[in-house]
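Please read the structure below before turning to the comments.
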Amino acid sequence: MSNVIDRIGQLLAQLQSPDFYEREEAVKELGTYSEDEAVAGLVLALEDFDLGIRELAADRLGQMKGEIVSQLLIRFLSHGDIGTRNLAAEILVRIGRPAVPPLIEAIDNDDHDVRKFVVDVLGLIKDDAAVEPLCGRLFDENPNVVCSAAEALGEIGSSKVITALVAAYDRTEDVRLQAVEALGKIGDPSALDTLFGYLKSDDPLILYAVIEAIGSIGLKDSVSSLRKYLYHKDPTIAEAALTAIINISIKHGGKIDCDLPLDRFTGFLFGGIKNRDKNITEFTLNRLTHWYGQGIVKSLLDVLDFVDEDTLKRVSEILGEAGPSAAELILEKLAGASSGTKLVLLDIIKQFIDDDIAQKLEAFADDPDPEVRQKVAYTLGMAGYAGAVATLKKLAVDEVGHVRAAAFGALGWLCSEEEADFLFMGLQDKYPDVREAAMGALVIVSGPKVVAKFTADLYHQQVERQRLAVTALGLIGETEVVDPLIKAINHPEASVRKSAINALARIGEVINVQPLTLALNDENSGVRKAAISALIAIRGEQAVAEIRFLLDDEDVWVRYHTISSIGALGLEKFSDYLMPYLEDEQDILKIAATKALAQMGCRRALPELKKLRREKNKDIVEAVEIAVSNLERGRR
Amino acid sequence: MEITLREDANVTTLSLKGRLDLATGSALKEQIIQLFEKEKTAIHLNLGEVEFINSSGLGSLVSIMKEIRLRKGRLTLSNLASYVQEIFEITQLSHIFEIFATEEEAINSYQAVTAG
Chain A
1 MSNVIDRIGQ LLAQLQSPDF YEREEAVKEL GTYSEDEAVA GLVLALEDFD LGIRELAADR
61 LGQMKGEIVS QLLIRFLSHG DIGTRNLAAE ILVRIGRPAV PPLIEAIDND DHDVRKFVVD
121 VLGLIKDDAA VEPLCGRLFD ENPNVVCSAA EALGEIGSSK VITALVAAYD RTEDVRLQAV
181 EALGKIGDPS ALDTLFGYLK SDDPLILYAV IEAIGSIGLK DSVSSLRKYL YHKDPTIAEA
241 ALTAIINISI KHGGKIDCDL PLDRFTGFLF GGIKNRDKNI TEFTLNRLTH WYGQGIVKSL
301 LDVLDFVDED TLKRVSEILG EAGPSAAELI LEKLAGASSG TKLVLLDIIK QFIDDDIAQK
361 LEAFADDPDP EVRQKVAYTL GMAGYAGAVA TLKKLAVDEV GHVRAAAFGA LGWLCSEEEA
421 DFLFMGLQDK YPDVREAAMG ALVIVSGPKV VAKFTADLYH QQVERQRLAV TALGLIGETE
481 VVDPLIKAIN HPEASVRKSA INALARIGEV INVQPLTLAL NDENSGVRKA AISALIAIRG
541 EQAVAEIRFL LDDEDVWVRY HTISSIGALG LEKFSDYLMP YLEDEQDILK IAATKALAQM
601 GCRRALPELK KLRREKNKDI VEAVEIAVSN LERGRR
Chain B
1001 MEITLREDAN VTTLSLKGRL DLATGSALKE QIIQLFEKEK TAIHLNLGEV EFINSSGLGS
1061 LVSIMKEIRL RKGRLTLSNL ASYVQEIFEI TQLSHIFEIF ATEEEAINSY QAVTAG
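As given, the protein sequences belong to chains A and B, one line each in that order. Each residue of the first sequence is one higher than the last, beginning at 1 in this note's numbering. Each residue of the second sequence is one higher than the last, beginning at 1001 in this note's numbering.
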C-alpha cells in the first residue's frame, strides 16, 4: 500500500514537470489508481496550462464515476477560469448518476453562478432524484438560476413538476419562456389547458413557444385551437402553428383531416424539405398527392439538389404523376441543372414523354456529360418518337462507347428495316457492347433484308461477324432463318456450328433433321452435345435411336450429356441403355445414370443403386440417396 | 399460345403460355386492344410460361408498349425465363420495359402507385 502511495506522490510531483510528455504519463498512470490522492492529482491536472493535459485528466476523471471525484469537481464550478468550470461540468455530466447526491448538496451554494452550473449539470444528467431540489430553484432569487431550473426540469421530463412550472410562470416573468418550453418537452396533455390559456400572451416569443409546446404534446384535438394562428400577421407565429400541426399530424400517422391553407406556406414547407426536416418533408410530400399546380412543380424541382435519396425518389414519383403539365418546367430546369440532377429529371420525363417533349429533349443530345447523352438516347427511344432517328444516328457515332450502345438500342425500338444499313455499321464498332447493341437493334427491326445480310455475314471474313450473325439469326427466330441456320451446321467455325444448332433447337421448326443427325458426328464435342439437345428438343423420344451411339462417345462429357438427355425424357423404356453406366469406371457417369434412372422412375434399378451406397465418392452416395428416396416414394 | 386473363382492381394480368411469334403476338395485341376499349390501360404480362420468343414477338411487345404509352397507361412484365431475359438484355428492351421478378411484385407496384 505504502508503495502505491509513494508512487502516487512521485506522479503528483511529475505533474509539475515542464515536460509535456512527463505530465501526460503522470496523468495516464494516476488514472489507473482509485486512491483519493490520485483523484486529487487528476483534479489538479484540470488546471494544467496545456489543453491536452486538461482534457486527458478530464477523460480519466469521467471514467472514475465516484462521489469523491464529484465533490472535488464541484469545487471547480466556481473556478476563475470559465474553461476549467466548463470542463468540470462536462466531467460531472459524464459521471452521471453518482454525481447527483453531491450536486444536490451543492444546489444551495452561496454563489449563484455555482448554483446555475449545478442546476445545468443536473438537467443534463436527467435523474429523477434531482426533480424536487430543482423545483426549489424555480423560486431562486437569481433569475438565471430560475431559468436554468425550468430548463433542467424540462430535460428530466417528469409530469410531477407541471404545477411548479405553472406557478413559476405566474410568479416570474423572466422564466415564462423556459417554463413553457419545459411543459412542451414534458409532453403531458394535462398541461394543455394551461397552455391554451397562455395563447393569449402578447409576447410573440412566449406565443411562439406555447404553440411549439402544444405541437410537442401532440394531441389531435389541439389542431382546431392552433389552426387560427396559421393566419397570424406575424409569419413566424403562423409557421410555428403549421410546424405544430405537422408534428401532431406525423405523431398520428398523417391522419389529421382538416383543410389547411398550405399555399400560404409553400416557401416554408419547401425550405423545410431543402433543410431535410423529416416531419415537414413527410407531411408535405404526402399532401402533394392532391395539391398540384405549376408553383408546386417549380418548388419540387428546386429541392431536387438538396434532398436525400429516399426523398428524391418520392419527389420524382410525384413529378412523374404530374405528367406532361410539368414538362415545360422540367425542361427549363434541365437546361441549367447539374449532371446528377439532369439524370434524375430525365428519369422523370421518361414516365410521361410524348412526341412533343421528345422533340424538345433532342436539344440535350449535345450535353457535355456522356451519361446524360446516354440517358437522352434511351429516353428518346422510349418515346417512340420517329422524328428522333436523326438525333439518335448522331449519338450512334458519339465518341463515347456506351452512348453509341444506347443510341443503337434506341434506334432498334423506333426505326424500321429501312435503317438496317446504318445499324449494320454498328457491327464494325471497336467495342463489343456497341456491336451487341447494334445486333440487338437489327433483331428487333428484322425483315428479309436483315436476314439476308446476316446470312451473308455467316461467311464474313471476320469470325466475330460470323458469331454475331449466327446469334442474331437465332434471336430473330423466324421461319426464314431456319435454312441459313441448317446450312451453318456445316460452317467451318465450331462456335458458329454450335450456335446454329442451339438456335434451331429453340426455334423447333426443323422439318429436315438430317443435318442435325450428321452433326452428332461433328469433330467438336460441343457441337455434338448441342446436336443431342437439338434433336431431343425437336424429335423427343424419337431422337433416342439417333443419339444412342453417343453413349460410347470418346468424350466423357458427351457421354454424360447423352445419358442426362435420355434421362430427361423420363421414359423407363430407355432404362436398359443407361443401367450399365451405374458400373462405369467414370464417377461422373455413375452420377448421371443414377439421376437419369430416377427421372425415369426405374424402380428396377433400386438394387444396383443401393450397391452404390458403398462408393467412396460422396457425390455418388448423395445422388444415390436422393434417387433411392425418390424411387421408393414414387417421385421423379 | 394460351392467354389467361385476370382482372384485379388496379391491373389486368395476362399470363402467356407457349410461343410468342408473329401470329400469337398479333393475337395478344388484339386482346389488349379489346382491353383498351374497356378503358383498361394498366396491363401486366406474366411471361413465365413463354418458351420461345422471336423478333416478331418482341416487335409485338414493343408495339403494345407504344400503344399503352399513347393511352398514358402502364405495362409491366414478370417471370421472364433466363433465355427471354437474355434477349431483353441484348436488345436493351430491359431499359424500356418495367420488368419484375414475380407477378406478385409487379401487381404490388400498381397498388403502391395507386396508394401514393
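Backbone N, C-alpha and C fix where the C-beta goes; we use that ideal spot for every residue, glycine too. All values reported here derive from a predicted model rather than from experimental measurement.
For Asn1046/B, not one C-beta of chain A is nearer than 8 Å to its own C-beta.
Taking 8 Å as the cut-off, the Cβ atoms of Gly215/A and Thr243/A count as close. By the Cβ test, the segment 152 to 160 of chain A is in contact with the segment 130 to 144 of chain A, since at least three Cβ pairs between them sit closer than 8 Å. Annotation for Ile95/A: the continuous alpha helix (DSSP H) segment containing it runs 82 to 95. Collapsing the DSSP output to three states places Ser565/A in a helix. Leu1016/B is a Cβ neighbour of Glu1049/B, given a cutoff of 8 Å. At a Cβ-Cβ threshold of 8 Å, Ser1078/B and Ala1042/B do not count as neighbours. With a 10 Å radius around the Cβ and a threshold of 16 neighbouring Cβ atoms, Cys602/A comes out buried.
Contact check between the segment 108 to 120 of chain A and the segment 58 to 71 of chain A: fewer than three CB pairs, one atom from each, fall below 8 Å, which does not count as touching. Along the length of the segment 38 to 87 of chain A, whole alpha helix (DSSP H) runs at least 4 residues long occupy 51 to 64, 67 to 75, reported in chain order. Around Phe352/A, the same chain offers Gly323, Pro324 as residues with beta carbons nearer than 6 Å, after the five sequence neighbours per side are excluded. Between the alpha carbons of Leu606/A and Val628/A lies a gap of roughly 7 Å.
Within the segment 1089 to 1111 of chain B, contact with chain A at the beta-carbon level (separation under 7 Å) is assigned to Ile1090, Thr1091, Gln1092, His1095, Ile1096. Within chain A, Gly384 have C-beta atoms less than 8 Å from the C-beta of Lys1066/B, given in sequence order. Its Cα nearest to that of Gly381/A, the residue Leu1093/B stands out among Tyr1110/B, Leu1047/B, Leu1093/B. Taking the C-beta atoms as reference points, Val558/A is found nearer than 8 Å to Arg528/A. Annotated three-state conformation of His1044/B is strand, per DSSP. Per DSSP, Phe1100/B is one residue of the beta strand (DSSP E) stretching across 1098 to 1100.
For Ser1078/B, the uninterrupted beta strand (DSSP E) run begins and ends at 1074 to 1078, by DSSP. The alpha-carbon separation between Pro261/A and Ala240/A amounts to approximately 14 Å. At a cut-off of 8 Å between beta-carbon atoms, Val1084/B makes no contact with chain A. Separation of the CB atoms of Tyr581/A and Ala592/A is rounded to 7 Å, and the pair is thereby assigned contact status at 8 Å. Using a CB distance below 9 Å, no part of the segment 601 to 623 of chain A faces chain B. Annotated as proximal: Val443/A and Ser1055/B, with beta-carbon spacing under 8 Å. Rounded to the nearest angstrom, the Cβ distance from Lys449/A to Glu417/A is 6 Å, consistent with a contact under 8 Å. Distance from the CA atom of Leu1075/B to the CA atom of Ala383/A, rounded to whole angstroms, is 14 Å. Here DSSP, grouped into helix, strand and coil, assigns Thr341/A to helix.
A Cβ-Cβ separation of about 5 Å places Thr281/A in contact with Ile273/A under the 8 Å criterion. Straight through space, the alpha carbons of Thr341/A and Leu312/A are spaced by roughly 10 Å. Per DSSP, Gly474/A is one residue of the alpha helix (DSSP H) stretching across 463 to 476. For Val463/A, no CB of chain B lies under 8 Å from its own CB, so it is not counted at the interface with that chain. Bridge pairing for Ile1053/B: Leu1020/B [DSSP].
In the DSSP annotation of this structure, the continuous segment of the alpha helix (DSSP H) that includes Arg435/A starts and ends at 432 to 445. Look at Thr1012/B here: in three-state DSSP terms it is strand. In the DSSP assignment, Ile246/A falls within the alpha helix (DSSP H) that extends over 235 to 251. Secondary structure note for Glu1002/B: it is in no alpha helix (DSSP H), and the uninterrupted beta strand (DSSP E) holding it is 1002 to 1007.
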